[in-house]
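All you need for my numbering is the position in the sequence shown, starting with 1, plus 482.
Every residue gets a Cβ at the ideal spot worked out from N, C-alpha and C, and that includes glycine.
Fair warning: this is a prediction, and the values are worked out from it, not measured in the lab.
A short worksheet on the structure shown next.
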Amino acid sequence: MRGDLKITARGAVEAEFGFIAREAKTLVNKRLYERLVHDNLFLYEKWQDPAKPEGMWFGEILFKIVRKMWFANSRDEGIIHSSHFNPVRPETIALVWTAVRCALDEWKDGTSNPVNFTAIAYEGVYKEVLAGLVALQSTADGQGVVQDLGSELWEESRNGLIERRKHPNNSFTQAQHTAAVRDAAARKARKQAEAEADAAALTDY
Numbered sequence: 483m484r485g486d487l488k489i490t491a492r493g494a495v496e497a498e499f500g501f502i503a504r505e506a507k508t509l510v511n512k513r514l515y516e517r518l519v520h521d522n523l524f525l526y527e528k529w530q531d532p533a534k535p536e537g538m539w540f541g542e543i544l545f546k547i548v549r550k551m552w553f554a555n556s557r558d559e560g561i562i563h564s565s566h567f568n569p570v571r572p573e574t575i576a577l578v579w580t581a582v583r584c585a586l587d588e589w590k591d592g593t594s595n596p597v598n599f600t601a602i603a604y605e606g607v608y609k610e611v612l613a614g615l616v617a618l619q620s621t622a623d624g625q626g627v628v629q630d631l632g633s634e635l636w637e638e639s640r641n642g643l644i645e646r647r648k649h650p651n652n653s654f655t656q657a658q659h660t661a662a663v664r665d666a667a668a669r670k671a672r673k674q675a676e677a678e679a680d681a682a683a684l685t686d687y
């Protein structure tokens, strides 16, 4: 499971935070990484302004990963073992956030370099994140926050699966198909024109 979680987190991190796998973006990626790991900014729902982050623990990436990992279909663990996911437990939440941190660490130097998601390497991160959730849960007001987070993860993930099962064949409209054919033809013509222009340039040279 740890390998699947890391793969899911890797794709989610690149999409959610805007890392770009291009050499020209190395410095930008490195600065983004440093900003996200400073004070655990990546945990926040609104992380874009480091001076005013909002929604600690409720980052959208957490919801996306939970849905993909345990609620992708009716045979997934989130449905079959619903007693373990209703609500989603702090231990599971901490594990997902630890996988996100591992995926982020792949961008530490500004380029995407694989980092092994091992218990030895990330046990400390997991314990730190879980301790933060437990500490919050131990306060009078914080207990409700952690409970609400777990319940929201369950409800949104489960309801999202139900909606997908209700409308399995309504994802694409005829208008979208027509537009896809039109755009593909235009793209083909553009690529051909580019190839001809390149060939002409070589001949002139």
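Minimum C-alpha distance to residue i - residue among the options
i, options, result
"Arg549", "Gly614, Leu635, Arg672, Arg664", "Leu635"
"Lys609", "Ala622, Arg583, Ala506, Val597", "Arg583"
"Thr574", "Ile562, Trp552, Val663, Asp587", "Trp552"
"Ser564", "Arg640, Gln674, Arg669", "Arg640"
DSSP three-state assignment for residue i, whether helix, strand or coil
i, result
"Gly626", "helix"
"Gly541", "coil"
"Lys534", "coil"
"Lys550", "helix"
"Glu588", "coil"
"Arg646", "For Arg646, the predicted structure reports a pLDDT of 48, less than 50, and the residue's modelled location is therefore unreliable. A value from the coordinates is still provided. Note: Arg646 maps to helix in three-state DSSP."
Residue j beta carbon less than 7 Å from that of residue i
i, j, result
"Pro569", "Ser633", "yes"
"Val628", "Leu615", "yes"
"Phe501", "Trp579", "no"
"Phe599", "Lys488", "yes"
"Ala494", "Ile547", "yes"
"Gly592", "Lys534", "no"
Cutoff 7 Å; reference residue i; Cβ partners in own chain excluding five residues on either side
i, result
"Glu527", "Glu536, Gly537, Phe540, Gly541, Glu542"
"Phe545", "Leu635, Glu638"
"Ala503", "Ser594"
Same chain, Cβ closer than 8 Å to residue i, neighbours up to 5 away in sequence not counted
i, result
"Pro572", "Leu612, Leu615, Val616, Gln619, Val628, Gly632"
"Arg672", "none"
Neighbourhood of residue i by C-beta distance below 6 Å, restricted to the same chain and skipping five residues each side
i, result
"Ala585", "Ala491, Arg492, Val495"
"Arg484", "Phe599"
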